[in-house]
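There are 2 protein chains.
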Amino acid sequence: MSEQDRDSRHNERMARKKAVVDEKIATAQAERGVLLVNTGNGKGKSSAGFGLVARALGHGMKVGVVQFIKGRSDTGEEAFFRNQPGVSWHVMGEGFTWETQDRARDVATAEAAWDVARGLLQDPSIGLVVLDELNIALKYRYLEADTVVADLLARPTLQHVVVTGRGAPPELVEAADTVTDMTPVKHAFAAGIKAMPGMEW
Amino acid sequence: MSEQDRDSRHNERMARKKAVVDEKIATAQAERGVLLVNTGNGKGKSSAGFGLVARALGHGMKVGVVQFIKGRSDTGEEAFFRNQPGVSWHVMGEGFTWETQDRARDVATAEAAWDVARGLLQDPSIGLVVLDELNIALKYRYLEADTVVADLLARPTLQHVVVTGRGAPPELVEAADTVTDMTPVKHAFAAGIKAMPGMEW
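Residue numbers (the UniProt record's numbering), protein chains in the order written: chain A, 1 to 201; chain B, 1 to 201.
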């Protein structure tokens, strides 16, 4: 096939594709806040949430972040966003549960974190709420999924919410507008690379 | 099962889990930059890349971003990051290919974008390079995968790179350290919600 033929066939294919995409966009016209869930075992669940923090700030929105499981105290995302105007950042967790090994304390911590989250979910001036690693707190039943879903659905109409963490419960998936499963194809840990700043924390 | 039994069983399970996680972390000790590929049809590929921009900036790194396919000119991420100290942001694409419908022009645009990317990949002062939607340019063969992979592998030892976009080619997946397939479970478009600021752009 000549380069010219290839260009011509490509252009025809793209014209058909444009028609399909244009129609899809034209039919989606409801304006409301999106409940997004990032789950699965692969990398990208929290970082996609933090990318949306930047995106929302760029539109002049106010953003609230609650971290339910605190992995470490020196993350780049916290250092960067904590001092940005319009951001309220709450680190509520006390380490992964296999670090603390104290279920009763984990439940109390998760409940205190949910109180903070609920406050953000009742504040119409907040455009985006990120509930980082909330799925972990739900998976271990530190919080009841029904209560959490009810509070999420009662939020202001235009408020976006991102929930991250492995093992999103079915009740949350059902309630969500968009759900992505971050599926690992391969991971640098397996190649012997340690958790590097700017990449894993 | 009593609450106390549940706590006790949970704590035993967590102790075993902690041992496994600790060992995994202890054996991954190589310090080098990670080549991360975010692909698949789901939401989160680019936003996870932008989250890493924040993460890297929080560690005091310099960051370069090249956008190979420009969807729109008013994105929140560009508005937010363009004026942050330490960020060089390059919008090189001219719209999705089905918008331009001109293959020869798309190839020229992609090649100009790769020249900018190569400059960042040769600069050891840049800690993180984000090549947003590069996979699209590879998928349509606007750029040769072999050339791109060779330039990626020749970068400074500690530099991280994130490549995003659907349809990552096998050569790139093979060369990458970490690959995530963002798998769509459901999407708000299907529920009739339009592309909302702070969420999709």
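Built from N, CA and C at the ideal position, the CB exists for glycine as well.
Predicted model, so just to flag it, every value in this text is computed and none were measured.
- The alpha-carbon separation between Ala-54 (chain B) and Glu-171 (chain A) amounts to approximately 31 Å.
- In chain A, no part has a C-beta under 7 Å from the C-beta of Val-129 (chain B); the shortest such distance is about 11 Å.
- Val-185 (chain A) has a beta carbon lying within less than 8 Å of a beta carbon in chain B.
- Per the coordinates, the alpha-carbon of Leu-143 (chain B) lies some 24 Å from the alpha-carbon of Ala-48 (chain B).
- Per the C-alpha coordinates, the member of A:Ala-26, A:Asn-11, A:Thr-180 and A:Lys-70 positioned closest to Ala-137 (chain A) is A:Lys-70.
- The shortest CA-to-CA distance from Ala-112 (chain A) to any of A:Val-129, A:Leu-153 and A:Val-66 is the one to A:Val-66.
- Boundaries of the alpha helix (DSSP H) harbouring Ile-136 (chain A): 134–139, taken from the DSSP string.
- DSSP lists A:Lys-186 and B:Val-37 as the bridge partner or partners of Val-179 (chain B).
- Under the Cβ criterion of 8 Å, Glu-144 (chain B) is not counted among the residues facing chain A.
- Taking CB atoms only, Arg-155 (chain B) has no neighbour in chain A less than 8 Å away.
- Just so you know, the alpha carbons of Ala-108 (chain B) and Ile-126 (chain B) end up roughly 26 Å apart.
- For the pair Phe-68 (chain A) and Gly-51 (chain B), the CB atoms are not nearer than the 8 Å cut-off.
- Membership of Trp-89 (chain A) in the beta strand (DSSP E) is indicated by the continuous run 87–91.
- Burial state of Asp-5 (chain A) is exposed, judged by a 10 Å Cβ sphere holding fewer than 16 other Cβ atoms.
- When secondary structure is reduced to three states using DSSP, Lys-17 (chain A) falls in the helix class.
- Here Leu-35 (chain A) is near Asp-177 (chain A), since their CB atoms are less than 8 Å apart.
- Less than 8 Å separates the beta-carbon of Val-87 (chain B) from that of Val-63 (chain B).
- Listed along chain B, the residues sitting closer than 7 Å to Pro-197 (chain A) by beta-carbon distance are His-59.
- Assigned with DSSP and collapsed to three states, Thr-164 (chain B) falls in strand.
- DSSP lists B:Ala-30 as the beta-bridge partner residues of Ile-193 (chain A).
- Here Gln-4 (chain B) carries a helix assignment [DSSP, helix/strand/coil].
- When the beta-carbon positions are compared, Leu-158 (chain B) and Ala-175 (chain B) stay at least 8 Å from each other.
- It is roughly 6 Å from the alpha-carbon of Leu-131 (chain A) to the alpha-carbon of Val-162 (chain A).
- Spanning the alpha carbons of Gly-44 (chain B) and Asp-22 (chain B) requires a straight line of approximately 29 Å.
- Straight across, the Cα-Cα distance linking Glu-12 (chain B) with Arg-141 (chain A) is about 16 Å.
- Proximity of chain A to His-160 (chain B) at the Cβ level (cut-off 9 Å) is accounted for by Met-196, Gly-198 and Met-199, in chain order.
- For Pro-169 (chain B), the number of other beta carbons within 10 angstroms of its own is at least 16, and it is reported as buried.
- For Gly-76 (chain B), there is no enclosing beta strand (DSSP E); the residue is found in the alpha helix (DSSP H) stretching over 76–81.
- Collapsing the DSSP output to three states places Leu-158 (chain A) in coil.
- The beta carbon of Arg-166 (chain A) is closer than 8 Å to those of Thr-39, Gly-40, Asn-41, Lys-45, Asn-135, Ile-136 and Lys-139 in its chain, skipping five residues each way along the sequence.
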